[in-house]
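Numbering follows our numbering, with no gaps: position 106 of the sequence shown is 155.
Note that the Cβ used here is the ideal one computed from N, Cα and C, for glycine as well.
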Amino acid sequence: MSSLEQLALRAGRELEDAPALEVLRWAADTFGERFCVTSSMEDAVVAHLASRVRPGVDVVFLDTGYHFPETLGTRDAVEAVMDVRVLTLTPVRTVAEQDSEHGPRLHDRDPDLCCALRKVRPLEDGLAGYDAWATGLRRDESPTRADTPVVGWDARRGKVKIAPIARWTQDDVDAYVAEHGVLVNPLLMDGYASVGCAPCTRRVRAGEDARAGRWAGLAKTECGLHG
Ligand code: SF4
50 MSSLEQLALR
60 AGRELEDAPA
70 LEVLRWAADT
80 FGERFCVTSS
90 MEDAVVAHLA
100 SRVRPGVDVV
110 FLDTGYHFPE
120 TLGTRDAVEA
130 VMDVRVLTLT
140 PVRTVAEQDS
150 EHGPRLHDRD
160 PDLCCALRKV
170 RPLEDGLAGY
180 DAWATGLRRD
190 ESPTRADTPV
200 VGWDARRGKV
210 KIAPIARWTQ
220 DDVDAYVAEH
230 GVLVNPLLMD
240 GYASVGCAPC
250 TRRVRAGEDA
260 RAGRWAGLAK
270 TECGLHG
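Structure representation (structure tokens):
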């Protein structure tokens, strides 16, 4: 077991009940510039928290080529008004190039391959220069995320993976957004509870969990970034 993995497992035990800001302060102090936040630009809560303990922190955003304009607008607003450095990752191929190689609307026919090409591989390349990355995963979002550790080991990438708001509820997020005036994607006020690529995201209905609008009607529930 590497020393980085040992560090992750020890921190996971020690920080399980720690407030989000304390978790991020530990990450910033421990990893410095080799720590980043990833954001889908659904909201800027974790980026905001991280910028309080590490002004200018790197915020990594995956531009799949399929985002809603509102998501790209949120990214631009975060870059303009927050004390962070937004880094936009793009897939090797444009959507048009992917269509030429695999045929149009790959997301309808083979969403796992589409996510691998447009999300998983770009993120792996983009995280190469970091030892630790933070996400906005929360346990209450869906059953697939119920066991999300606050600090864990990302064995696939060999990095420390941090979910500082894993124990938060939607009410906690809403309260933080209201208290700090944090930027949120306007689609959240338009019936979307979780925002991903436009072809694979729909509004949620009453009683559905937050991620029910992602790949609706398919067996797929995650893009592979967190598997
Ligand atoms: Fe492709 Fe949909 Fe995955 Fe986006 S969410 S990368 S469009 S399959």
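Cβ neighbour criterion (16 or more within 10 Å) applied to residue i
i, result
"Pro153", "exposed"
"Thr218", "exposed"
"Pro277", "There is no way to answer for residue 277, as the model of the chain reaches only from 50 to 276."
"Ser149", "exposed"
"Asp107", "buried"
"Val143", "As written in the sequence, residue 143 is Thr, which differs from the Val given in the question. By the neighbour-count rule (16 or more Cβ atoms within 10 Å), Thr143 is not buried but exposed."
DSSP bridge partner residues for residue i (one or two, in chain order)
i, result
"Gly201", "Lys210"
"Asp107", "Cys85 and Arg134"
"Ala183", "Val86 and Ile211"
"Cys246", "His116"
"Asp92", "Val233"
Near the ligand SF4: residue i beta-carbon under 7 Å from a heavy atom
i, result
"Pro153", "no"
"Cys249", "yes"
"Cys7", "One cannot answer for residue 7 here, as it falls past the ends of the chain, which runs 50 to 276."
"Gly245", "yes"
"His156", "yes"
"Pro171", "no"
"Pro160", "yes"
Any C-beta of chain D under 8 Å from that of residue i
i, result
"Thr123", "Included in the structure is just one protein chain, with no chain D present."
Beta-carbon gap between residue i and residue j smaller than 8 Å
i, j, result
"Thr139", "Pro171", "yes"
"Val200", "Val72", "yes"
"Ile211", "Ala177", "no"
"Ala99", "Ala227", "no"
Can we say the region 210–228 touches the region 119–130, given the rule of at least three CB pairs closer than 8 Å?
Short answer: they don't touch.
So, do the region 53–60 and the region 144–162 have three or more beta carbon pairs nearer to each other than 8 Å?
The region 53–60 makes no contact with the region 144–162; the number of CB pairs closer than 8 Å stays below 3.
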